[in-house]
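Peer 1: In case it helps, the working numbering puts the sequence shown at residues 1492 to 1630. Idealized CB from N, CA, C, for every residue including glycine. Take a look at the following structure, please.
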Amino acid sequence: MAIFGWALISAPHAHADLKLCNSTGSRVGVAIGYQDKEGWATEGWWNIASQTCETLLKGDVPSRFIYVHAVDYDQGGEWVGKNFMCTNDKSFAIRGVQDCSDRGYKRTGFFEVDTGDAKDWTIRLTDPDEGAPANNATQ
1492 MAIFGWALIS
1502 APHAHADLKL
1512 CNSTGSRVGV
1522 AIGYQDKEGW
1532 ATEGWWNIAS
1542 QTCETLLKGD
1552 VPSRFIYVHA
1562 VDYDQGGEWV
1572 GKNFMCTNDK
1582 SFAIRGVQDC
1592 SDRGYKRTGF
1602 FEVDTGDAKD
1612 WTIRLTDPDE
1622 GAPANNATQ
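See the structure below:
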């Protein structure tokens, strides 16, 4: 399994959204997790073409910490982390992160993104040879 680089950026926009930019040479599938007023949620899959950006959530970022899992469709490998949440093979919106297997879901590792108190945030996935530091965040 290959582990790829990722960088975080936030930039001012006219409205607040959570976006993900795929700066790799491959198509990627992306799932996210977060905690909102109703509890934990995971959603996926967004299929994002190489060198494009996609709005994942419209409006203010729902929580300080956003969790991301991504799969490289063309080269293989994935972006993973130590925070486990529920996913499915097809499009999903799942409430709760406990007992994934018992509920018919997969238990999947996500990496954590600290957005601080930003209401607008962009996550950038990069190829491993770009050497982007894990905490390359700007406001």
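So, with DSSP's three-state summary, where would you put Arg1615?
Peer 2: Arg1615: strand per DSSP, three-state reduction.
Peer 1: Return the first residue and the last residue of the beta strand (DSSP E) that Val1559 is part of.
Peer 2: From DSSP, the beta strand (DSSP E) with Val1559 extends over Phe1556 to Asp1563.
Peer 1: When the Cα atoms are used, what is the spatial distance from Glu1603 to Asn1574?
Peer 2: Their Cα atoms are separated by approximately 7 Å.
Peer 1: Is the number of C-beta pairs between the segment 1575-1586 and the segment 1603-1613 that are closer than 8 Å three or more?
Peer 2: No, because fewer than three Cβ pairs between the segment 1575-1586 and the segment 1603-1613 fall closer than 8 Å, the two stretches do not touch.
Peer 1: Hey, Val1552 and Leu1511 are a contact pair by Cβ (cut 8 Å); roughly how many whole angstroms apart?
Peer 2: That belief does not hold up - the Cβ atoms of Val1552 and Leu1511 are roughly 12 Å apart, past 8 Å.
Peer 1: In angstroms, rounded to a whole number, what distance separates the CA positions of Ala1493 and Asp1527?
Peer 2: In this prediction, Ala1493 scores a pLDDT of 43, lower than 50, which makes its location untrustworthy; no coordinate-derived value is stated.
Peer 1: From what residue to what residue does the beta strand (DSSP E) around Asp1608 run?
Peer 2: Segment: none, Asp1608 is in no beta strand (DSSP E) and carries neither H nor E.
Peer 1: Measuring only the C-alpha atoms, how far is Gln1589 from Tyr1596?
Peer 2: Each residue's Cα considered, the two are about 10 Å apart.
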